[in-house]
Amino acid sequence: MVGRIAFSVVSLLWFHSVAWPQQTERGARMLPRIDAHAHVFQSSQAFYAMLDRLNVRLVNICVVDKHDRGYEEAAPQHARALEVFKASQGKVAWCSTFDPQDWESPGFAERTIALLDRTFKDGAVAVKIYKSIGMELKSRAGKYLMPDDPVFSPIFDALEARDKTLYAHIAEPSAAWRPLDPASPHYGYYKSNPDWHMFLHPERPSKEAILSARDRMLARHPRLRVIGCHLGSMEENVDEIARRFDLYPNFAVDTAARVPDLMLQPREKVCAFLIKYQDRVLYGTDLELKPWERPEEALKRWEAEFARDWKFFATDEKFQYAGREVLGLALPGNVLQKFYRQNALRWVPGITGAK
412 MVGRIAFSVV
422 SLLWFHSVAW
432 PQQTERGARM
442 LPRIDAHAHV
452 FQSSQAFYAM
462 LDRLNVRLVN
472 ICVVDKHDRG
482 YEEAAPQHAR
492 ALEVFKASQG
502 KVAWCSTFDP
512 QDWESPGFAE
522 RTIALLDRTF
532 KDGAVAVKIY
542 KSIGMELKSR
552 AGKYLMPDDP
562 VFSPIFDALE
572 ARDKTLYAHI
582 AEPSAAWRPL
592 DPASPHYGYY
602 KSNPDWHMFL
612 HPERPSKEAI
622 LSARDRMLAR
632 HPRLRVIGCH
642 LGSMEENVDE
652 IARRFDLYPN
662 FAVDTAARVP
672 DLMLQPREKV
682 CAFLIKYQDR
692 VLYGTDLELK
702 PWERPEEALK
712 RWEAEFARDW
722 KFFATDEKFQ
732 YAGREVLGLA
742 LPGNVLQKFY
752 RQNALRWVPG
762 ITGAK
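Here's what the structure looks like:
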């Protein structure tokens, strides 16, 4: 314990005095980091060793996506997430989910709350809702299910009463409503996932309508902590995120799979946003380790993304990404501590096993 305390004090002092450009690798490993948005459904000792070596903890997100292999049902994901949680000795905390498919059936909210309570008993620290709400699911009368639908109110009230956080992946990047563009960071995803390429489904709700419903949900549940996954689907302009932060004190966002979108915006603007709202943005990657993957290949991908993100947020180095030159943000040390760790601990109580 004394050694841990000494290490923490040294790390804290170092992070307030460090010269970032010269300390990229050392700095990343000295700061205990939390990736607040990842998907790990394979128990691998090599993977856990990587987390130890890089000084990283995770929040392992379960989600129901009928179009994505491995994510079709909640129960198998819950079982694997619990296995990983135990095998990692708690370093990989987990977030449960529920399938809203039968929301019109009697007793839906009660069944869902009972399901989530079982996951909380198994250590789940949060719950995720998904973009199928707003973008895909329809009532028998043909009306799209939105995140502010009253059917969810008892569930959200239960989460608040249990001091659990809601991860909300609501809507998608604006690229989903546009023709495929090879220059977009999201080109590959929509080319491979036409079910979610809204340009091909003009009958579905607009992004604006979906985000408006999300905002109404935030307003109706002001004491529920909500993390907007993937920059809250406001990836093209941090001003839009800032506007929501000013309106909804219960709202934060993670950066999962949207760091390239930040790279495309003016550096000074992104820096100013992250400094002003330094208590509201959580680091996340959206990286995956699926049951059928070879861990040694996945680890290379994870390490490369961690390194790229650290270079972008923590240093002022220039580097190439997707054919363009990017200059790192060189965020102040205290901001990096919040972004990489403290915000996750505050917005998702229980990550380290204690609230």
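Counting from 412, one number per residue, gives the positions in the sequence shown under my numbering.
Heads up, the beta-carbon is just placed ideally off N, CA and C, and yes, glycines get one too.
{"Item": "I540 (DSSP reduced to helix, strand or coil)", "Value": "strand"}
{"Item": "Uninterrupted alpha helix (DSSP H) stretches inside the segment 569-627 (no shorter than 4 residues)", "Value": "598-603"}
{"Item": "Element boundaries [beta strand (DSSP E), containing W505]", "Value": "503-508"}
{"Item": "Within 8 Å, strictly: CB atoms of I638 and T576", "Value": "yes"}
{"Item": "Three or more C-beta pairs below 8 Å linking the segment 744-758 and the segment 441-457", "Value": "yes"}
{"Item": "Assigned secondary structure, Q689 (DSSP; H/G/I helix, E/B strand, else coil)", "Value": "coil"}
{"Item": "Endpoints, alpha helix (DSSP H) assigned at V474", "Value": "Counting along the chain, V474 falls outside any alpha helix (DSSP H), and DSSP gives it neither H nor E."}
{"Item": "Local conformation of I566 per DSSP, three classes", "Value": "helix"}
{"Item": "Through-space distance from A667 to L642, alpha-carbon basis", "Value": "7 Å"}
{"Item": "CB contact flag (I524, A490, <8 Å)", "Value": "no"}
{"Item": "Residues sharing a beta bridge with A663, DSSP", "Value": "I638"}
{"Item": "Residue nearest to D513 in terms of C-alpha spacing, selected from W713, S550, V495, L622", "Value": "S550"}
{"Item": "Closest residue to H612 among D697, G545, L740, P760 (Cα-Cα distance)", "Value": "G545"}
{"Item": "Rounded Cβ spacing between P706 and Q453 (contact assumed at less than 8 Å)", "Value": "7 Å"}
{"Item": "Beta-bridge partners of H450, as assigned by DSSP", "Value": "E699"}
{"Item": "Environment of W431 [buried if 16+ CB atoms lie within 10 Å]", "Value": "Summary for W431: the model assigns pLDDT 41, below 50, so the residue's position carries little reliability, and this model does not support an answer."}
{"Item": "Anticipated Cβ contact below 8 Å, G695 with H448, distance rounded", "Value": "3 Å"}
{"Item": "Beta-carbon proximity check, L700 vs S455, cutoff 8 Å", "Value": "yes"}
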